[in-house]
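Asker: Residue numbers (this note's numbering): 3 to 233.
(1) Could you tell me which residues DSSP puts in a beta bridge with residue 192?
(2) Determine which residues share a DSSP beta bridge with residue 44 and list them.
(3) Using a Cβ-Cβ cutoff of less than 8 Å, which residues in the same chain neighbour residue 182 once the five nearest sequence positions on both sides are dropped?
(4) Output the distance between the C-alpha atoms of residue 218 and residue 63, rounded to the nearest integer angstrom.
(5) Relative to the alpha-carbon of residue 207, which residue among 68, 11, 12 and 16 has its alpha-carbon at the smallest distance?
(6) When the Cα atoms are used, what is the spatial distance from residue 160 to residue 166?
(7) Roughly how many angstroms lie between the CA atoms of residue 21 and residue 221, to the nearest whole one?
(8) Where does residue 136 sit, in a helix, a strand or coil, going by DSSP?
(9) When burial is assigned at 16 or more other CB atoms within 10 Å of the CB, is residue 232 buried or exposed?
(10) Report the start-end ranges of each beta strand (DSSP E) in the stretch 39-83 that is 3 residues or longer and not cut off at the edges.
(11) In the DSSP assignment, the beta strand (DSSP E) including residue 31 goes from what residue to what residue?
(12) For residue 185, which of 209, 28 and 214 has the nearest alpha-carbon?
(13) Would you check if the stretch 132-148 and the stretch 95-105 touch, i.e. whether three or more CB-CB distances between them fall below 8 Å?
(14) In chain order, what residues of the same chain have a beta carbon less than 6 Å from the beta carbon of residue 26, not counting five sequence neighbours either side?
(15) Sorted by chain position, which residues of the same chain lie with C-beta nearer than 6 Å to residue 205's C-beta, five sequence neighbours on each side aside?
(16) Beta carbon of residue 52, beta carbon of residue 61: below 7 Å?
(17) Counting Cβ pairs closer than 8 Å, one from the stretch 146-164 and one from the stretch 108-127, do we hit at least three?
(18) Hey, out of 14, 158, 44 and 37, whose CA is closest to residue 211's CA?
(19) Assign residue 116 to one of three DSSP states: helix, strand, or coil.
(20) To the nearest angstrom, how far is it from the Cα of residue 180 to the Cα of residue 68?
(21) What residue from 127, 125 and 111 has the CA that sits closest to residue 149's CA?
(22) Should residue 65 be labelled buried (16 or more other beta-carbon atoms within 10 Å of its own) or exposed?
Written out as structure tokens, the structure reads:
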């Protein structure tokens, strides 16, 4: 037997984008991961592609996914193109219907999975252990392998059945993280609210970022920070 040779192995975060409204949340999380030097495996559901087209006018095509992803990540939450720059060279895309994809197996090395945004349909599918598409399959694998799974649910109001499914995910070890922006960070723009949610997702994953101003126990800190920025 040949001696084991240590090599640096790519261990990405899998980002699953479901069909819920909130594609700017997904874009902010992806930019945050890439800015932190993290590798990403991306799964965009069929429903998410329709939402992305509706919210941004961008078509996400398997054959042109890099071009479409760059356009998506460059877009601000206010819809303005060319707001951001992101290097997507360490992103790997897997088609939602590819159940033979790498992340569909527990032996494929990943750090965990972030579902952003998570629709109630995806919540139900993961809670019930279904694998109707790659997004649900990877989430099931993530839970069975005891890896981090963060579910950024984006729906309101929540039905009793969805609440039960979210409890089931929590009991299975997932982090249920509603896409609920906060205002103590001194938001002055829609992007600030989006970045707060994205930052909380990255916090749950243990990925460093500077997407929002953290609470430091000082009342009025957001107002003071805004006054300093304006001066």
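C-beta atoms are modelled at their ideal positions from N, C-alpha and C, and glycine is treated no differently.
Answerer: Looking at the atomic coordinates:
(1) For this step, residue 192 is matched to residue 190 along the chain shown. DSSP lists no partner for residue 192.
(2) For the purposes of this step, residue 44 is taken as the residue at position 42 of the chain shown. Beta-bridge pairing links residue 44 to 17 and 95.
(3) On the chain shown, position 180 is the one that residue 182 refers to. Taken in chain order, the residues that qualify are 199.
(4) As a position in the chain shown, residue 218 is number 216, starting the count at 1. As a position in the chain shown, residue 63 is number 61, starting the count at 1. Looking at the two C-alpha atoms, the distance is approximately 43 Å.
(5) As a position in the chain shown, residue 207 is number 205, starting the count at 1. Here the closest residue by C-alpha is 16.
(6) Sequence index remark: in the chain shown, residue 160 carries index 158 (1-based). Sequence index remark: in the chain shown, residue 166 carries index 164 (1-based). So the two alpha carbons sit approximately 10 Å from each other.
(7) For the purposes of this step, residue 21 is taken as residue 19 along the chain shown, with counting starting at 1. For the purposes of this step, residue 221 is taken as residue 219 along the chain shown, with counting starting at 1. Cα-Cα distance, rounded: 38 Å.
(8) Translated into the one-based positions of the chain shown, residue 136 becomes position 134. Helix at residue 136.
(9) On the chain shown, position 230 is the one that residue 232 refers to. Caution applies to residue 232, whose pLDDT of 44 falls short of 50 and renders its modelled position unreliable; the value that the coordinates give is listed next. Residue 232 should be labelled exposed.
(10) 42-46
(11) To locate residue 31, count along the chain shown from 1; it is residue 29. Not the beta strand (DSSP E): residue 31 falls in the alpha helix (DSSP H), residues 25-37.
(12) Here residue 185 refers to the residue found at position 183 of the chain shown. The option with the nearest alpha carbon to residue 185 is 214.
(13) yes
(14) Position 24 of the chain shown, counted from the start, is the residue given in the question as residue 26. So the qualifying residues of the chain are 79 and 196.
(15) For the purposes of this step, residue 205 is taken as the residue at position 203 of the chain shown. Hits under 6 Å: none found.
(16) The sequence position of residue 52 within the chain shown is 50, counting from 1. The sequence position of residue 61 within the chain shown is 59, counting from 1. Contact: no.
(17) yes
(18) Locating residue 211 in the chain shown gives position 209, counting from the first residue. Nearest of 14, 158, 44 and 37 to residue 211, Cα basis: 37.
(19) Within the chain shown, numbered from 1, the residue matching residue 116 stands at position 114. Strand.
(20) Locating residue 180 in the chain shown gives position 178, where the first residue counts as 1. Locating residue 68 in the chain shown gives position 66, where the first residue counts as 1. Answer to the nearest angstrom: the Cα atoms are 29 Å apart.
(21) If you number the chain shown from 1, residue 149 lands on position 147. Minimum Cα distance to residue 149 is reached at 111.
(22) Within the chain shown, numbered from 1, the residue matching residue 65 stands at position 63. Answer is exposed; the Cβ neighbour count stays below 16.
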